[in-house]
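Working notes, structure below.
There are 4 protein chains.
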Amino acid sequence: MTSKIDSIFQQRESDVRSYCRTFNRTFTHAKGSIIRDDGGREYIDFLAGCGSLNYGHNNPAMQRALLDHISGNGLTMALDFYTDAKAEFLKTFERIILKPRSMPHKLMMVGPTGTNAVEAAMKQARKATGRETIISFTNGFHGCSLGALAATGNQHHRGGAGTALSDVVRMPYQGYINNTEVELIEKLITDPSSGIEAPAAFLIETIQGEGGLNHVNKEWLQALAGLAKDVGALLIVDDVQAGCGRSGKFFSFDELGVMPDIITLAKSLSGYGLPMGMVLIKPEYDVLSPGEHNGTFRGNNLAFVTAKVALEVFWADDVFKAHLTRSEKYIRQRLNDMQRSLTGAQVKGRGLMQGIDVVDGELAKAVSVEAFKRGLIIETSGPQDQVLKILAPLTTPIEVLQKGLDILKQSLECCTTEQKKGAA
Amino acid sequence: MTSKIDSIFQQRESDVRSYCRTFNRTFTHAKGSIIRDDGGREYIDFLAGCGSLNYGHNNPAMQRALLDHISGNGLTMALDFYTDAKAEFLKTFERIILKPRSMPHKLMMVGPTGTNAVEAAMKQARKATGRETIISFTNGFHGCSLGALAATGNQHHRGGAGTALSDVVRMPYQGYINNTEVELIEKLITDPSSGIEAPAAFLIETIQGEGGLNHVNKEWLQALAGLAKDVGALLIVDDVQAGCGRSGKFFSFDELGVMPDIITLAKSLSGYGLPMGMVLIKPEYDVLSPGEHNGTFRGNNLAFVTAKVALEVFWADDVFKAHLTRSEKYIRQRLNDMQRSLTGAQVKGRGLMQGIDVVDGELAKAVSVEAFKRGLIIETSGPQDQVLKILAPLTTPIEVLQKGLDILKQSLECCTTEQKKGAA
Amino acid sequence: MTSKIDSIFQQRESDVRSYCRTFNRTFTHAKGSIIRDDGGREYIDFLAGCGSLNYGHNNPAMQRALLDHISGNGLTMALDFYTDAKAEFLKTFERIILKPRSMPHKLMMVGPTGTNAVEAAMKQARKATGRETIISFTNGFHGCSLGALAATGNQHHRGGAGTALSDVVRMPYQGYINNTEVELIEKLITDPSSGIEAPAAFLIETIQGEGGLNHVNKEWLQALAGLAKDVGALLIVDDVQAGCGRSGKFFSFDELGVMPDIITLAKSLSGYGLPMGMVLIKPEYDVLSPGEHNGTFRGNNLAFVTAKVALEVFWADDVFKAHLTRSEKYIRQRLNDMQRSLTGAQVKGRGLMQGIDVVDGELAKAVSVEAFKRGLIIETSGPQDQVLKILAPLTTPIEVLQKGLDILKQSLECCTTEQKKGAA
Amino acid sequence: MTSKIDSIFQQRESDVRSYCRTFNRTFTHAKGSIIRDDGGREYIDFLAGCGSLNYGHNNPAMQRALLDHISGNGLTMALDFYTDAKAEFLKTFERIILKPRSMPHKLMMVGPTGTNAVEAAMKQARKATGRETIISFTNGFHGCSLGALAATGNQHHRGGAGTALSDVVRMPYQGYINNTEVELIEKLITDPSSGIEAPAAFLIETIQGEGGLNHVNKEWLQALAGLAKDVGALLIVDDVQAGCGRSGKFFSFDELGVMPDIITLAKSLSGYGLPMGMVLIKPEYDVLSPGEHNGTFRGNNLAFVTAKVALEVFWADDVFKAHLTRSEKYIRQRLNDMQRSLTGAQVKGRGLMQGIDVVDGELAKAVSVEAFKRGLIIETSGPQDQVLKILAPLTTPIEVLQKGLDILKQSLECCTTEQKKGAA
């Protein structure tokens, strides 16, 4: 049986829809790293809700907790009321995540999207410092609402604004100018005649999920953090995509030797794909007054329920982390193999957020299409969409990773062969 | 047993939290119009998730569908993939809502918040017209992300921006200057020397939920819609709070004789309090290219499941609408009574979105606090927070409405008596 | 002999040139109210450098002082150095203008243009109040550099910006909504939910030279001034065009019962048509630090020399003012006559800044062209350029006024007759 | 007799006055490179109206022409009317400046300030390209009105804005990052995900007069010009300070192998210190419609008269240029001497726009003060005001240059000796 795409989509859904154009099946069920279409065909999911399903689809422990909560008439939405589910989540987050890291941060529940977390973080930083300028980085992606969009680098998204994107100054990310970026930034900020205002904050992803899997190393990030401190700016790490284990640790900065003043989380925070956004903020910068930033769905109690379970199941001990280390190595090794067989190709990223830059965006697109035919969902990223990005659920068993990477390899070979033929 | 508030909230939750400061209990369960705290005490809920729970808490039909979908390993989050749940929702929405109204609108799934729907609507309007200015109205509330915040009137929220709120021009809402507002707006827009640029759109709520329950009438809105057409601007109705039945009809403009070019929905769209946002847009203005505006959680499939049930249960015939008419009348009558007994008081709003302006914000606050003590959750709104706003679930039985309104009346009497004593 | 227009203008001068397109002769000499072209033809000048030549062309007393200063090797440009010419100007301005009015204002020398004066005034107001929003008015004209342009209403000029014109909010000028404008403004500013931020200043012309000769009366302006005080905003009167006697008094607000916090002057300040700009500012709002706003030509010493003479000759006693009163009455009477003979026509303005609204911009243009043929230079203004504006030198003898007004009358008759023929 | 400073300045002039705080005498007369105070003391002028008096004070030929024009009742101000004086200026400018360089540029008369020329240039570039972003450079200075100020780097001036400075992106000037600046700029502009929008124009000074006498070389500027062409951006050279001979050639780019699309001139354009501003623009980018950018004093006919004479006297043959070459060499040699005797000092600039960076802003200030005591007016520039800048009239005889440089040398020695004492 083949998947049928209902004509309603063509007739009634906005043309802005996008992923469904490449992965053009009607999907109905999913479990773990496997997603199934209405024809019964199964696909290995190397996209995982764009990083929102780090623990796979329909994780049984969370599923159970969710069913219990719903069937027991627990609260679903409760604005920012105190609820038992929220208390449990907060306490669990404190115990498993904050305390072991001696993090004093307060937790701000925001509208259940990454972009809303970024908007809230920018507001806190601007109010805390009394400054307007936020420094963000080349190839950074921070969301599509107007405040966050100003910090996003991608021209396609920026072009949609239709109005000015203000008070964000762009600086080069590590690697843009031979790792001398922080020196340039320091010179610009400390030069009273450079035209760059003293910034409220640096807003940075330690791994650029949409920007092509560039990442910063410890030395560079520490230099940036040091500069931030020197000039009275806050360091905001946008961990919406790289957080919640995607880097191999819970936070993407866990082994980079810095402690951000503000951290944004969303995507995999609920663990189950339920919308949720949160900002972690050092108490001294938690300056917005009651309700100054709000949003109706900032109290998604179903998300609190599953988020708590996710923390308990995966982060209470080191078992999961060991699995992540193994997976990271395995992916790296397989990508290295592919790199060797493709001139100019380059392995990108780190942790469970790796990929391969195949130089050519059209090739990458062709590989994605071919892989889908072969039963693998994998997306591209980067300025030219030239990086095939592996965002498999963190929980993906090695053998499923292997199967997916086999498909990727075959698809890559298939498309490069095609390309050569076309060129001949 | 008394409700205990876990110390975790004080220690770890951001100071930005707000509703929980007034309704300071820990809530655990809810059903219909009743919400229960951890001490077992029950409260009549006249806030309903700030309009997100129009069908009450944990509606059984939706609850059943949700449990089935989850336990059957249906998809939870799937970006903007085609899914069975989404197709069902779209088809149901088309059949029950769009077709009977001959609405050609396309449906844009956005990040699951009202503010994101507004951001998307503004982008579409700006791109469709090639203009930058959006006209919004005094006392309007449209959200807290930067683009939507520019359109929001409330100074408390605007003050949190920490940066410029640009390209929105403010015009007076109906009643601000003796119902001559549209004349002024027309004069300003058609005067080539007024300094007001030709607008991309008018962004308006037909009933201002946060702004104090002001509302426009048919004649006024038709004049505005006519003006929009004349000057090449789009009419955007922000129905995030007033939509989904809150006005007594599905859309707040259903009997106002206009057809907006763009409509935003969120809050009660999922029916069950699950985060969901959507923009309805006439096909000719659906101009954003694929992915130009996006957001991870724009495909909340659990919300599609419940949203479909909500439409089928409540909007497929006229039974519910008849109930709403009765409820509206009952509330109006009770509020009229209260108005008579309080000098200067004024009944505000329409449909199931009515309230009473008690002139004094401190009095309104006191009434809200007193009512909570007596078992009723009711919030204030308006520029001085002087309007007690009834946002009971639409499904609330008359006898529960009665009970809630009795408490409101008693609380009001209690507080005005107190006030007189204080003044004496 | 006919005037010849050198081909160099067509070949080399930017297409942005404008007045010369209507008054297309090559001019060579001028004296008093008469300007002469290279063919020896004389024109009565009812434009007077757009209000920059209030004392006529080449006033002998100023001419003498200028020649002496130049031939004596006095300083011409001296940045903001202390010079004898500047000291003399300042002392004379204090003695003749400030002291009699008990004005405590300090004098800020700015770049020698009106727009620069407005930019400086806006900076002082924003810094003094710590607020960003400036309120300006429909049909106001304040200049074409970006800061001043934001306050300018004219769409033609605004359209040239090519970028955002921010932080100015537009309010209706007197007469826009039946003289209830200040009430609306007050309501908007004091409503914490209106979306209008507390303003740094109101920036207003008491007579709108470019906007069509609308003007405010005493009661209205006092209400606005009172409101400014109540809400902590400054009152800036832009007297670039209406100042220096144009209104019949030295300042346009001299008999309007208010004392602005900041006043801008330029155009006729030097008295001889030499570029000069100045801002008067109450000492408590003179907050810019040394050099924070600057400009090379802020010390045009030739202008100081003539400006001093202008003050001494014209403003040291009441003779000139009496002449202005007579001229104003005469012009008014003649315009009233014309008004009676043209349906819908309306006399506009006050003082020596009067004109006639002939309803139709094309008619006004035709009249201007016809008058020029007959030896009169007169321009149009207003949103549709429908107002013929008389800006004769203040020194124009009544008999020359008479001659010019005769031409205007004949031209108007001629054109309306033509128009009727065309319509027939 | 000692100079007396009239108390009127302290009492009535705005605190924004600046140069007069250092050069605190009352000046009365000037001739050539010598300026005299009211006590009869003479000073060598190495500031020359901040570059506005390139031909010295009161040049006799211009003085004569000016006196003739004024006494003959020539036009003084005539808006943008065609006048004989303007025609003569345009023809002379075409003949002496444009034709020999095969420059097709049109001439746009703007408000008589440098900042207005920059505003006009930015408008033309934005309209011609349909883009908003202007790229300007670190340490650039372009004026203080809002549009130009956005492009200015200096924090002191920027801080005075009191509102957003938008749509200018800052890039490093040559030398900021080891001459790799254009590579970085190219990478940023061509990377579709950098967050830098395609620019309307690059706005650059070839020598940074206020920024500390940094300058670009031929190779670098050609690379930038090439990049501009490649990306569809215009090249605007701001020659307000470095133009009109200051660099040793008429235009500062005359020997740098590029032809800018737009050039701004002001300061020394009139030759006599009279306010004047002009924009040169290739015909295809002369896109503003009639009057779209305007300004009352854009037709300063006195300036046309002297500007014409200046061109004829100094630029019609090569005599003056030869003098400039000699002067440049002499200054260079003397500064090199000073550099050798001061650790860390660095000679900066080129042409007649050279100076010495003495590392320490306080030292530079002390030298300026000391030199003034000894009869020399010299200013500082640069981000820390650490560069002593020689802006002597271009016409200064070598023996006067010598005398001035002797004073500079002595003052420098005196202050460094003082400093050492202070440190001991």
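In the order they appear, the protein sequences are chains S, D, H and G.
For the first sequence, the numbering used here gives the first residue as 1, with consecutive numbering after it.
For the second sequence, the numbering used here gives the first residue as 1001, with consecutive numbering after it.
For the third sequence, the numbering used here gives the first residue as 2001, with consecutive numbering after it.
For the fourth sequence, the numbering used here gives the first residue as 3001, with consecutive numbering after it.
Even for Gly, the Cβ is constructed at its ideal location relative to N, Cα and C.
Everything numeric in this text was worked out from a predicted model, so none of it was measured.
Classification of Asp-3318 of chain G by the beta-carbon crowding that lies within 10 angstroms, buried from 16 upward: As a position in the fourth sequence, residue 3318 of chain G is number 318, starting the count at 1. It is exposed - the Cβ of Asp-3318 of chain G has fewer than 16 other Cβ atoms within 10 Å.
Cβ-based neighbour list, Ala-316 of chain S, same chain, cut-off 8 angstroms, excluding 5 preceding and 5 following: As a first step, residue 316 of chain S must be located in the first sequence, where it is residue number 316. If the five residues before and after Ala-316 of chain S are omitted, its C-beta is found closer than 8 angstroms to the C-beta atoms of Ile-96, all from its own chain and listed in chain order.
Asn-2179 of chain H versus Ser-2411 of chain H: straight-line alpha-carbon distance, rounded: Taking the first residue of the third sequence as position 1, residue 2179 of chain H is located at position 179. Taking the first residue of the third sequence as position 1, residue 2411 of chain H is located at position 411. The C-alpha of Asn-2179 of chain H lies about 34 angstroms from the C-alpha of Ser-2411 of chain H.
Residues, ordered as in the chain, of the region 3162 to 3179 of chain G that lie near chain S by beta-carbon distance below 8 angstroms: Cβ contacts with chain S: Ala-3164, Ser-3166, Asp-3167, Val-3168, Val-3169, Arg-3170, Pro-3172, Tyr-3176, Ile-3177.
Secondary structure of Phe-2027 of chain H, DSSP reduced to three states: Along the third sequence, one-based indexing puts residue 2027 of chain H at 27. Secondary structure of Phe-2027 of chain H (DSSP, three-state): strand.
Selected residue, minimal CA-CA separation from Lys-348 of chain S, among S:Val-367, S:Gly-209, S:His-69, S:Gly-243: Numbered from 1 along the first sequence, position 348 holds the residue referred to as residue 348 of chain S. That would be S:Gly-209, whose Cα lies nearest to the Cα of Lys-348 of chain S.
7 angstroms Cβ cut-off: residues of chain G touching Gln-155 of chain S: Position 155 of the first sequence, counted from the first residue, corresponds to residue 155 of chain S. Correct list: Pro-3192, Ser-3193.
Sheet register partners of Arg-36 of chain S (DSSP bridge): Along the first sequence, read from residue 1 onward, the residue named residue 36 of chain S stands at position 36. According to DSSP, Arg-36 of chain S bridges with S:His-29, S:Glu-42.
Sequence-distant residues of the same chain with beta carbon closer than 6 angstroms to Leu-2256 of chain H, five excluded per side: Residue numbering aside, residue 2256 of chain H sits at position 256 when the third sequence is read from its first letter. Excluding positions up to five away in sequence, the list reads Lys-2218, Leu-2221.
Meets three-Cβ-pair contact criterion under 8 angstroms: the region 260 to 267 of chain S and the region 230 to 239 of chain S: Counting Cβ pairs under 8 angstroms, three or more are found: they touch.
Residues of the region 1355 to 1368 of chain D with Cβ closer than 9 angstroms to any Cβ of chain S, in chain order: Those would be none; no residue qualifies.
Residues of the region 3132 to 3148 of chain G with Cβ closer than 9 angstroms to any Cβ of chain S, in chain order: Listed in sequence order: Glu-3132, Ser-3136, Phe-3137, Thr-3138, Asn-3139, Gly-3140, Phe-3141.
8 angstroms Cβ cut-off: residues of chain D touching Phe-23 of chain S: For the purposes of this step, residue 23 of chain S is identified with residue 23 of the first sequence, where counting begins at 1. Residues of chain D with a Cβ closer than 8 angstroms to the Cβ of Phe-23 of chain S are, in chain order, Phe-1081.
Start and end residues, alpha helix (DSSP H) containing Lys-3389 of chain G: Position 389 of the fourth sequence holds residue 3389 of chain G. Element bounds for Lys-3389 of chain G: not the alpha helix (DSSP H) but the beta strand (DSSP E), 3387 to 3390.
Residues bridged to Asp-357 of chain S (per DSSP): Numbered from 1 along the first sequence, position 357 holds the residue referred to as residue 357 of chain S. S:Gln-346, S:Val-387.
Residues near Ser-1252 of chain D by beta carbon distance below 8 angstroms, same chain, minus five either side: Against the second sequence, residue 1252 of chain D aligns to sequence position 252. Correct list, in chain order: Glu-1205, Thr-1206, Ile-1207, Val-1237, Asp-1239, Ala-1242, Gly-1243, Arg-1246, Gly-1351.
Cross-chain neighbours of Pro-383 of chain S in chain G, by beta carbon under 8 angstroms: Taking the first sequence and counting its residues from 1, the one referred to as residue 383 of chain S is at position 383. Those are Asp-3191, Pro-3192, Ser-3193, Ser-3194, listed as they occur along chain G.
Within chain H, partners of Lys-1187 of chain D - CB distance below 9 angstroms: The count along the second sequence starts at 1 and reaches residue 1187 of chain D at position 187. Annotation: Cβ neighbours of Lys-1187 of chain D in chain H (cutoff 9 angstroms, chain order): Thr-2138, Pro-2172, Tyr-2176, Ile-2177.
The region 1124 to 1142 of chain D / the region 116 to 134 of chain S touching (three or more Cβ pairs under 8 angstroms): Flag = no, the region 1124 to 1142 of chain D and the region 116 to 134 of chain S do not touch.
Reduced DSSP category for Gly-3074 of chain G - H, G, I as helix; E, B as strand; rest coil: Here residue 3074 of chain G corresponds to residue number 74 of the fourth sequence, with the count starting at 1. Residue state for Gly-3074 of chain G is assigned as strand, using DSSP reduced to three classes.
Cβ of Thr-1028 of chain D within 9 angstroms of any chain S Cβ: In the second sequence, residue 1028 of chain D corresponds to position 28, counting from 1. By this cut-off, Thr-1028 of chain D is an interface position.
For Leu-84 of chain S, the three-state DSSP class (helix, strand or coil): As a first step, residue 84 of chain S is located in the first sequence; it is residue number 84 there, counting from the start. First, the residue type needs correcting, since residue 84 of chain S is Asp and not Leu in the sequence shown. Three-state result, Asp-84 of chain S: helix.
Cβ pair count under 8 angstroms reaching 3, the region 3288 to 3305 of chain G against the region 3102 to 3111 of chain G: Proximity of the region 3288 to 3305 of chain G to the region 3102 to 3111 of chain G meets the contact definition, three or more beta-carbon pairs being nearer than 8 angstroms.
Sequence-distant residues of the same chain with beta carbon closer than 7 angstroms to Phe-2081 of chain H, five excluded per side: On the third sequence, residue 2081 of chain H is found 81 positions in, with the first residue counted as 1. For Phe-2081 of chain H, where only same-chain residues beyond five positions count, the Cβ hits under 7 angstroms are Gly-2299.
Test item: CB-CB of Ser-2145 of chain H and Thr-3115 of chain G under 9 angstroms: Numbered from 1 along the third sequence, position 145 holds the residue referred to as residue 2145 of chain H. Numbered from 1 along the fourth sequence, position 115 holds the residue referred to as residue 3115 of chain G. A contact, by the Cβ cut-off of 9 angstroms.
Three-state secondary structure assigned by DSSP to Leu-3335 of chain G: The count along the fourth sequence starts at 1 and reaches residue 3335 of chain G at position 335. Leu-3335 of chain G: helix per DSSP, three-state reduction.
Within chain D, partners of Phe-314 of chain S - CB distance below 7 angstroms: On the first sequence, position 314 is the one that residue 314 of chain S refers to. For Phe-314 of chain S, none of the residues of chain D pass the 7 angstroms Cβ criterion, the least Cβ distance being about 17 angstroms.
Interface residues of chain H facing Leu-1184 of chain D [CB-CB closer than 9 angstroms]: The residue given as residue 1184 of chain D occupies position 184 in the second sequence. By Cβ distance, chain H contributes Pro-2172, Tyr-2176, Ile-2177, Leu-2184.
Candidates D:Gly-1355, D:Val-1387, D:Val-1287, D:Ser-1327, of which the one nearest Arg-17 of chain S by Cα: Here residue 17 of chain S is taken as the residue at index 17 of the first sequence, counted from 1. The residue among D:Gly-1355, D:Val-1387, D:Val-1287, D:Ser-1327 with its C-alpha nearest the C-alpha of Arg-17 of chain S is D:Val-1287.
Chain H contact for Ala-1151 of chain D (CB, 9 angstroms cutoff): Position 151 of the second sequence, counting from 1, holds the residue named residue 1151 of chain D. Output row for Ala-1151 of chain D: interface = yes.
Contacts of Ser-3071 of chain G in chain H (Cβ-Cβ under 8 angstroms): As a working note, residue 3071 of chain G is residue 71 in the fourth sequence. Listed along chain H are Gln-2063, Leu-2067, each with a C-beta nearer than 8 angstroms to that of Ser-3071 of chain G.
Contacts of Met-108 of chain S in chain D (Cβ-Cβ under 9 angstroms): Taking the first sequence and counting its residues from 1, the one referred to as residue 108 of chain S is at position 108. Identification of chain D residues near Met-108 of chain S by a Cβ-Cβ cut-off of 9 angstroms yields Glu-1013, Ser-1014, Asp-1015, Val-1016, Arg-1017, ordered along the chain.
Option nearest Glu-3292 of chain G by Cα separation, candidates H:Lys-2308, H:Asp-2006, H:Ser-2014: As a position in the fourth sequence, residue 3292 of chain G is number 292, starting the count at 1. Among H:Lys-2308, H:Asp-2006, H:Ser-2014, the Cα nearest to that of Glu-3292 of chain G belongs to H:Ser-2014.
DSSP three-state assignment for Lys-2106 of chain H, whether helix, strand or coil: For the purposes of this step, residue 2106 of chain H is identified with residue 106 of the third sequence, where counting begins at 1. Reduced to three states, the DSSP call for Lys-2106 of chain H is strand.
Contacting residues, own chain, Cβ-Cβ under 8 angstroms from Arg-2158 of chain H (five flanking each side not counted): As a working mapping, residue 2158 of chain H is identified with position 158 in the third sequence. If you ignore the 5 residues before and after Arg-2158 of chain H, its C-beta comes within less than 8 angstroms of the C-beta of Leu-2149, Thr-2152, Leu-2165, all in its own chain and listed in chain order.
Residue environment, Ile-1398 of chain D, which counts as buried when at least 16 other CB atoms sit within 10 Å: Here residue 1398 of chain D refers to the residue found at position 398 of the second sequence. Exposed, by the Cβ-count rule.
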